Structures are given as structure tokens and as C-alpha cells.
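Student:
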Amino acid sequence: MLRLEKRRQPSQAFAYATPVMAVIATMIFGGLMFAALGKDPVAAIRTIFWDPLFGQHAFYYRPQLLVKGGPLILIAIGLSLGFRAGIWNIGAEGQYILGALGGAGVALAFYPMEGWFIFPLMILGGAIAGCAWAMIPGLLKVRFGTNEILVSLMLVYVAEQLLASMSLGLMKNPQGFGFPGSRNLQQYPSAHNADLIANTGMHWGVAAAFIAVIFAYILLTRHQLGYHIRLTGEAPRAAKFAGVSPARLILFCLGISGALAGLAGMFEVSGPAGQVSIDFNTGYGFTAIIVAFLGRLHPVGILLAGMLMALTYIGGEIAQSSMGLPAAAIQMFQGMLLFFLLAVDVLTSYRLRFGKGEVA
Numbered sequence: 002m003l004r005l006e007k008r009r010q011p012s013q014a015f016a017y018a019t020p021v022m023a024v025i026a027t028m029i030f031g032g033l034m035f036a037a038l039g040k041d042p043v044a045a046i047r048t049i050f051w052d053p054l055f056g057q058h059a060f061y062y063r064p065q066l067l068v069k070g071g072p073l074i075l076i077a078i079g080l081s082l083g084f085r086a087g088i089w090n091i092g093a094e095g096q097y098i099l100g101a102l103g104g105a106g107v108a109l110a111f112y113p114m115e116g117w118f119i120f121p122l123m124i125l126g127g128a129i130a131g132c133a134w135a136m137i138p139g140l141l142k143v144r145f146g147t148n149e150i151l152v153s154l155m156l157v158y159v160a161e162q163l164l165a166s167m168s169l170g171l172m173k174n175p176q177g178f179g180f181p182g183s184r185n186l187q188q189y190p191s192a193h194n195a196d197l198i199a200n201t202g203m204h205w206g207v208a209a210a211f212i213a214v215i216f217a218y219i220l221l222t223r224h225q226l227g228y229h230i231r232l233t234g235e236a237p238r239a240a241k242f243a244g245v246s247p248a249r250l251i252l253f254c255l256g257i258s259g260a261l262a263g264l265a266g267m268f269e270v271s272g273p274a275g276q277v278s279i280d281f282n283t284g285y286g287f288t289a290i291i292v293a294f295l296g297r298l299h300p301v302g303i304l305l306a307g308m309l310m311a312l313t314y315i316g317g318e319i320a321q322s323s324m325g326l327p328a329a330a331i332q333m334f335q336g337m338l339l340f341f342l343l344a345v346d347v348l349t350s351y352r353l354r355f356g357k358g359e360v361a
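In C-alpha cells:
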């Protein structure tokens, strides 16, 4: 009989091995799913993980890894700080949308004026909008003890309706022949988040993601606030005795995660997406949760996990076009990654044993 036996201490080896085990398990079972759909599983896995890096058109796809990975890393860094402290922000998708609306709103308010100050104001507007949206579940939790998981998640649907309203109303392009969506910010030089180095995908959003990784690492390893975050997540009662203020920590973690998600939305709408539209949000806020856990809530791990998830995005798009795989199969493949990560993560605190358990 197979049973789980609790370890005296969590295994550090399994803590680092579980992401690798989850990726391998995803490849195996994902391959079986592709085979069930009548596709060559080996070719499908190769297309997803190999072709974007070393395939025939890799010179085009490699820059896209930074474009896709940047917002995932930026959002996941913010989420990881809260997750480490036991504060669960599940509404980063809504904060991402509000950040895009805030940044685009600043740009459209100044249109067609040109000036160096417009883009910095857009950055500020995106961060403030995302932070303010995250403060709603934060303040409700601090004041009334509400569940931040439910409130932040429900606010995503409110944000989506607000996005649709803005696309069809206040931010609608007056010269867009009646089609929903704002002006194209890529054609507005002062508001365009262009590549810092041509054809590399390295724009300000990607730079911000790398900066966030560095600052998060310093915060968690060298700053007292980082110690309070880790202590609250690992030993809440000890954190109270150490003088940690739960209310301040909740507001800080939700505020910083909302601001970073808002920045990701602002950089996206002013760069790759180019405009506010009904289908602007592509699930980055939810996918970033997978990235955060796949990276073990560690800044460097999140950086690597973000690039891996970006690889599945790009490779999935190639597989859809070249092999005819349905988009739902690619989304299920990505979902498997989180499922297997959570499943094998049990082995960090438990070991498998054969035999009968002890009778109480």
C-alpha cells in the first residue's frame, strides 16, 4: 500500500527538483494528449520547446520570448511577495487591465501633443491605477476582514467590463470608422514603448521586469521588510511577536503587486498591443500565478520560469499554425504545468512509503 509520510523537515532537494519534475511530467502527459488528438507527440513537444529557439525561423521568434516573458515576470514578482507572506492576490489580471487603461488614458489626454514627459507620466498612471485597484481588496481585508482571494478575483470581471466600456466609449478612436478600440499608440511617438535595441524585443517593460527581479532579490535577502514578509508566511505567530503589523504588510504586498501588474499592462498597451481594445487582456495575470509558483516564489526562479512560460506561448502558437493543434489543447498543456507542480510539490514535505500505516 502506497502512503505519504510527513518529513521531519521539508526537503531542499525536492524544493528545487519539483519544477523540473513538473516540466518533465507535463511533456509526457502533454504528449499523450497530443497523441489522442491524432498529432505526433514528439513533433508537438519539439515544436513547442525547440523551434522558437533553434528552428528555421528562430531569428524572428527569439525576440518574442522577451515580449511575452516581460509582463509575466513583472506580474509574478509582485504576486510572489504577497504569496510568501500568505497574502493571496488572484486578481492581477484586473490590475493589469487598469494599468493599461491608466497609461493609455494619460497618453490620449495629451494627444497629439509631443513631449518627453508623456511616457514617464504614462508609467506613473499605469502604476497608480494598478495599485489603486489592488487596494480595494486590501482595504476591505484590513477593515472588514474580507477574503482577498474572492474580492480580487471578482474585480477581474469588473475590470473586463470597464475595458469593454472604454473601448466602445470614452477611449474609442474618433477616426476609427466605428470600430471599438483606442487610437494606435504605436503611431504616437511620445507614447510608444518601442524597442530599446531594434528587433530584439527589449523594450522598457522587459527592462522593468529585470529591474524588479533585482530589487525583489535585494528586498527578500537584505532588507528588514523582506525578512518580515518571509517570517509572516513561515511563522505568522512569531511575526506578531516580532512586531510585524499585519495590516501594513497586507497593504504593502497588495499595493506593490498591483503596481507591478499595472506597469505590465501599461508597457503592453503602449508597446506590443498598441491600443486599448476589448480583447486586450490575454490572461497574463492568471498565467503569472503559474510562473510565480514554478519559480518557487524566488526572483531568479521567476525569471527562468517566466522565460519558460513565454516559450510555451510562442511554441504553442507555432504548433497551432504548423500542426493544426487547437488553442484549447495548448492552454490545457500550460495548465498541466501548474497541476503537476502542485502535485509533485507534496514530495517536498512528504515522502512516499510502501506498507501499512500505523493504527492510532
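Counting in the numbering used here, the final residue of the sequence shown is number 361, and the numbers go up one at a time with none missing. No residue lacks a Cβ here, since even glycine has one placed at the ideal position from N, Cα and C. Predicted, not measured: the structure shown is a model, and the values here were computed from it.
When you compare only the Cα positions, how much space is there between glutamine 10 and serine 350?
Tutor: Distance between the alpha carbons of glutamine 10 and serine 350: 7 Å.
Student: Contact between the region 326–343 and the region 27–35: three or more CB pairs below 8 Å?
Tutor: Yes: at least three Cβ pairs fall under 8 Å.
Student: So, helix, strand or coil for alanine 361, using DSSP?
Tutor: Its pLDDT being 41, under 50, alanine 361 is placed unreliably in this model, and the coordinates cannot settle the point.
Student: Tell me which same chain residues have a C-beta within less than 7 Å of the C-beta of alanine 293, skipping the five on either side of it?
Tutor: Result list for alanine 293: Ala77, Leu80, Ser81, Phe84 and Ile303, in chain order.
Student: I need the straight-line Cα distance from alanine 361 to alanine 236, nearest angstrom please.
Tutor: Caution applies to alanine 361, whose pLDDT of 41 falls short of 50 and renders its modelled position unreliable; the model cannot decide the point.
Student: From phenylalanine 253 to alanine 37, what distance separates their C-alpha atoms?
Tutor: Going from the Cα of phenylalanine 253 to the Cα of alanine 37 covers about 47 Å.
Student: Residues bridged to lysine 40 by DSSP?
Tutor: According to DSSP, lysine 40 bridges with nothing at all.
Student: Kindly identify the DSSP beta-bridge partner or partners of arginine 354.
Tutor: The partner list for arginine 354 (beta bridge, DSSP) reads Arg4.
Student: Might you give, ordered along the chain, the residues of its own chain that have their beta carbon closer than 8 Å to the beta carbon of leucine 154, omitting 5 neighbours on each side?
Tutor: So the qualifying residues of the chain are Ile91 and Gly92.
Student: Using beta-carbon positions only, say whether valine 270 and alanine 101 come within less than 8 Å of one another.
Tutor: A contact, by the Cβ cut-off of 8 Å.
Student: Measure the alpha-carbon distance for isoleucine 25 versus phenylalanine 120 and round it to whole angstroms.
Tutor: Spanning the two alpha carbons is a distance of roughly 42 Å.
Student: Am I right that leucine 221 and alanine 208 are in contact with their C-beta atoms under 8 Å? What's the rounded C-beta distance?
Tutor: Wrong, their Cβ atoms sit about 21 Å apart, outside the cutoff.
Student: Where are the alpha helix (DSSP H) runs, 4 residues long or more, that stay fully inside the region 105–150, in chain order?
Tutor: If we require 4 residues or more, the alpha helix (DSSP H) runs fully inside the region 105–150 come out as 119–145.
Student: Measuring only the C-alpha atoms, how far is leucine 186 from leucine 298?
Tutor: Roughly 34 Å between the two C-alpha positions.
Student: Are the beta-carbon atoms belonging to glycine 338 and alanine 23 less than 8 Å from one another?
Tutor: Correcting the residue identity first, residue 338 is leucine in this sequence and not glycine. Result yes, Cβ atoms of leucine 338 and alanine 23 sit closer than 8 Å.
Student: Would a C-beta distance cut-off of 8 Å place glycine 272 and glycine 206 closer than the cut-off?
Tutor: Yes, these two residues count as a Cβ contact at 8 Å.
Student: Rounded to whole angstroms, what is the Cα-Cα separation between serine 166 and alanine 133?
Tutor: Taking the straight line from one Cα to the other gives about 19 Å.
Student: Just the C-alpha distance for leucine 163 and arginine 8, rounded to the nearest angstrom, thanks.
Tutor: Cα to Cα, leucine 163 sits roughly 48 Å from arginine 8.
Student: How close, in whole Å, do the beta carbons of alanine 195 and histidine 204 come, if the pair is a contact with beta carbons under 8 Å?
Tutor: Indeed, because the Cβ distance is near 6 Å, the residues count as touching under 8 Å.
Student: Could you give the first and the last residue of the continuous alpha helix (DSSP H) run that contains glycine 202?
Tutor: Careful: glycine 202 lies outside any alpha helix (DSSP H) and carries neither H nor E.
Student: How many angstroms separate the CA atom of alanine 260 from the CA atom of arginine 238?
Tutor: For alanine 260 and arginine 238, the distance between alpha carbons rounds to 29 Å.
Student: Just to confirm, are alanine 135 and glutamine 96 a CB contact at a threshold of 8 Å?
Tutor: Against a cut-off of 8 Å, the Cβ pair of glutamine 96 and alanine 135 comes out as a contact.
Student: Rounded to a whole number of angstroms, what is the C-alpha to C-alpha distance between proline 316 and isoleucine 74?
Tutor: Here the sequence assigns glycine to residue 316, which means proline is not the residue at that position. Approximately 18 Å between the Cα atoms of the pair.
Student: Report the residue ranges of all beta strand (DSSP E) runs contained in full by the region 246–302; include only those spanning at least 3 residues, in chain order.
Tutor: As far as the region 246–302 is concerned, it has no whole beta strand (DSSP E) run of at least 3 residues.
Student: Please work out which residues of its chain come closer than 6 Å, Cβ to Cβ, to valine 157, disregarding the five sequence neighbours upstream and downstream, and give them in chain order.
Tutor: Counting only Cβ-Cβ distances below 6 Å, and skipping sequence neighbours, we find Gly92, Glu94 and Gly95.
Student: How far does the alpha helix (DSSP H) with alanine 195 in it reach, from first residue to last?
Tutor: Where alanine 195 is concerned, there is no enclosing alpha helix (DSSP H), given that its DSSP letter is neither H nor E.
Student: According to DSSP, simplified to helix, strand and coil, what is arginine 223?
Tutor: Arginine 223: helix per DSSP, three-state reduction.
Student: Between the Cα of leucine 250 and those of Ile88, Met308 and Gly56, spot the shortest distance and give me the residue it belongs to.
Tutor: Closest by alpha carbon: Ile88.
Student: Which value, in whole angstroms, describes the spacing of the CA atoms of phenylalanine 180 and glutamine 65?
Tutor: Distance between the alpha carbons of phenylalanine 180 and glutamine 65 is about 28 Å.
Student: Which same chain residues end up closer than 6 Å to tyrosine 62 when comparing Cβ atoms and leaving out the 5 residues on each side of it in sequence?
Tutor: Once the five neighbours on either side are set aside, the close Cβ partners of tyrosine 62 are Pro53 and Ile315.
Student: Please tell me whether glycine 170 and alanine 130 are closer than 8 Å, where the distance is taken between their beta carbons.
Tutor: Going by C-beta atoms, glycine 170 is not nearer than 8 Å to alanine 130.
Student: Please name the residue, chosen from Ala14, Leu67 and Ser258, that lies closest to alanine 306 on a Cα-to-Cα basis.
Tutor: The candidate whose alpha carbon is nearest that of alanine 306 is Leu67.
Student: Alpha carbon to alpha carbon, what distance is there between glutamine 225 and glycine 244?
Tutor: So the two alpha carbons sit approximately 12 Å from each other.
Student: What three-state label does DSSP hand leucine 326 in the structure shown?
Tutor: Of the three classes helix, strand and coil, the one that applies to leucine 326 here is coil, per DSSP.
Student: Compare the C-alpha of glycine 202 against each of Gly336, Ser323 and Lys69 and name the closest.
Tutor: Comparing Cα positions, the closest option is Lys69.
Student: What does a CB cutoff of less than 6 Å around threonine 19 pick up in its chain, not counting 5 residues either side in sequence?
Tutor: Same-chain partners within the cutoff: Val345 and Asp346.
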